[in-house]
Amino acid sequence: MQKIKITIGDRVYPLSVTEGQEEFLRNSAKQIDQMMKHYEQNYAVQDKQDVLAMCALQLALQLRQEETKSSESSARIEKKLRAIDKLLSEIT
Numbered sequence: 000m001q002k003i004k005i006t007i008g009d010r011v012y013p014l015s016v017t018e019g020q021e022e023f024l025r026n027s028a029k030q031i032d033q034m035m036k037h038y039e040q041n042y043a044v045q046d047k048q049d050v051l052a053m054c055a056l057q058l059a060l061q062l063r064q065e066e067t068k069s070s071e072s073s074a075r076i077e078k079k080l081r082a083i084d085k086l087l088s089e090i091t
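One point on numbering: in numbering that gives the first Met the number 0, the residue at position 19 of the sequence shown is 18, and numbering is uninterrupted.
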């Protein structure tokens, strides 16, 4: 385990991470900071807690949308595989 410090919204968070996690965590923190700046600059939001709540909501929405896309893709692939399997069974 490696110890790192991540800054989000002007606050520092010490974390213990595995070797492969550091880059992902740093990029994620950067994304959150960028989102926070966007909300602070474009909306009348002064409280950091409100800004973080909006970021959390936005990220949760993005996650759900990606999960839905992934599920729909899996269903299409499964349907095509069943069709291929049916064709193969008719040949043999």
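Just so you know, even glycine gets a beta-carbon here, dropped at the ideal spot from N, CA and C.
| request: Would you kindly check if the distance between the Cβ of Cys54 and the Cβ of Ile31 is under 8 Å? | output: Against the sequence shown, residue 31 aligns to sequence position 32. Against the sequence shown, residue 54 aligns to sequence position 55. Yes, the pair counts as a contact, with Cβ atoms nearer than the cut-off.
| message | Along the chain, where does the beta strand (DSSP E) containing Tyr12 start, and where does it finish? | response | Counted from its first residue, the sequence shown places residue 12 at position 13. Residues Arg10 to Val16.
| query | Gln33 to Leu24, Cα distance in whole Å? | reply | Taking the sequence shown and counting its residues from 1, the one referred to as residue 33 is at position 34. Taking the sequence shown and counting its residues from 1, the one referred to as residue 24 is at position 25. Their backbone Cα atoms lie some 14 Å apart in a straight line.
| field | Alpha carbon of Asp84 to alpha carbon of Glu77, nearest angstrom | value | The count along the sequence shown starts at 1 and reaches residue 84 at position 85. The count along the sequence shown starts at 1 and reaches residue 77 at position 78. Spanning the two alpha carbons is a distance of roughly 10 Å.
| task | Express the C-alpha separation of Lys79 and Asp49 in angstroms, rounding to a whole number. | result | As a first step, residue 49 is located in the sequence shown; it is residue number 50 there, counting from the start. As a first step, residue 79 is located in the sequence shown; it is residue number 80 there, counting from the start. One C-alpha to the other measures close to 45 Å.
| query | Is DSSP giving Gln48 helix, strand or coil here? | reply | In the sequence shown, residue 48 corresponds to position 49, counting from 1. The three-state secondary structure of Gln48, taken from DSSP, is helix.
| task | Have a look at Leu58, Lys29 and Arg63 and flag the residue whose alpha-carbon is nearest the alpha-carbon of Asp9. | result | The residue you call residue 9 lines up with position 10 of the sequence shown. Out of Leu58, Lys29 and Arg63, Lys29 has the C-alpha closest to the C-alpha of Asp9.
| message | I'd like to check one pair, Leu14 with Ile3: are the Cβ atoms closer than 8 Å? | response | Numbered from its first residue, the sequence shown carries residue 3 at position 4. Numbered from its first residue, the sequence shown carries residue 14 at position 15. Their beta carbons are under 8 Å apart, which means Ile3 touches Leu14 by this criterion.
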